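What follows is a set of notes on a single structure, which appears directly below.
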Ligand code: AMP
């Protein structure tokens, strides 16, 4: 079984991927993890990937596709895999389709963890830091007792530039699955949209149900 997991940053895709691997035994293939491993090991690929990752941009298709297609020729991916962070666009999706077709396989499920933009902006952009002691708060998950003031030292709370809602919105537009990629899997009749605006367990249960 070959599964594609789709979702914008902040949708909980990484967490859900881990939970699904535990429950299904499917091989988890994350291109982000592969790039980070290459960066750690200081490979040529890692150096190249890092220059894009640091800018929050996608690594070029040619490089990414080559790495992923090489990975799925290994024996542990013979029976299936769950792709996380790949494909990011239709060029990558078409390359994956073609490679799988060549061995008589295809994508069986594309699971989209859907979360409204406003909720994502709140999740990603809700972080506040204390100027004095560095304590971290989150508007939704861990708010201070009084808005704008640190519980520990009464210092002033501020937002990092890249956590501000307008910056988060721009990052989101760049990193969320593009509409034509979602259509690609809808047209292939393998797309299932899962409501990601709920607790982790409910989302996991729906994802597992969709794979059944
Ligand atoms: P992720 O862990 O999926 O958020 O990926 C971290 C970074 O790795 C991304 O911001 C990209 O720079 C790069 N990356 C991961 N997957 C891909 C992909 N399929 N295509 C291009 N770049 C990717």
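Numbering (our numbering), first residue to last: 26 to 237. All C-beta atoms, glycine included, are put in the ideal place defined by N, C-alpha and C. Every value quoted in this text rests on a predicted model; they were computed, and no experiment measured them.
If I'm right that residue i touches residue j with Cβ under 8 Å, what's the distance once you round it to whole angstroms?
i           : j           : result
residue 149 : residue 57  : With 8 Å as the limit, residue 149 and residue 57 do not qualify as a contact, their Cβ atoms being about 16 Å apart.
residue 107 : residue 52  : 7 Å
residue 207 : residue 197 : That belief does not hold up - the Cβ atoms of residue 207 and residue 197 are roughly 15 Å apart, past 8 Å.
residue 192 : residue 186 : 6 Å
residue 154 : residue 146 : Between residue 146 and residue 154 the Cβ distance is about 18 Å, and since that is not below 8 Å, they are no contact.
Pull up the distance between the alpha-carbon of residue i and that of residue j, whole angstroms please.
i           : j           : result
residue 78  : residue 214 : 32 Å
residue 26  : residue 104 : 7 Å
residue 84  : residue 122 : 20 Å
residue 226 : residue 44  : 9 Å
residue 119 : residue 38  : 22 Å
residue 111 : residue 99  : 17 Å
residue 175 : residue 181 : 6 Å
residue 238 : residue 135 : For residue 238 there is no data in the structure shown, the boundaries of the chain being 26 and 237.
residue 81  : residue 73  : 13 Å
residue 49  : residue 86  : 29 Å
residue 33  : residue 90  : 20 Å
residue 96  : residue 131 : 16 Å
residue 41  : residue 29  : 12 Å
residue 242 : residue 168 : Shown here, the chain extends from 26 to 237; a query on residue 242 therefore has no answer.
residue 233 : residue 109 : 15 Å
residue 139 : residue 211 : 14 Å
My output table needs one value for residue i: the three-state DSSP class, helix, strand or coil.
i           : result
residue 185 : coil
residue 154 : strand
residue 234 : helix
residue 44  : helix
residue 61  : helix
residue 191 : helix
residue 218 : strand
residue 197 : helix
residue 206 : helix
residue 212 : helix
residue 55  : strand
residue 165 : coil
So is residue i in contact with chain B if we call contact Cβ pairs under 8 Å?
i          : result
residue 72 : The structure shown contains no chain B; it is built from a single protein chain.
Problem - Length at least 4, wholly inside the segment 77 to 106: the alpha helix (DSSP H) runs in chain order - result: 86 to 96
Handout entry: Length-filtered (4 minimum) alpha helix (DSSP H) runs lying within the segment 124 to 152
Key = 142 to 150
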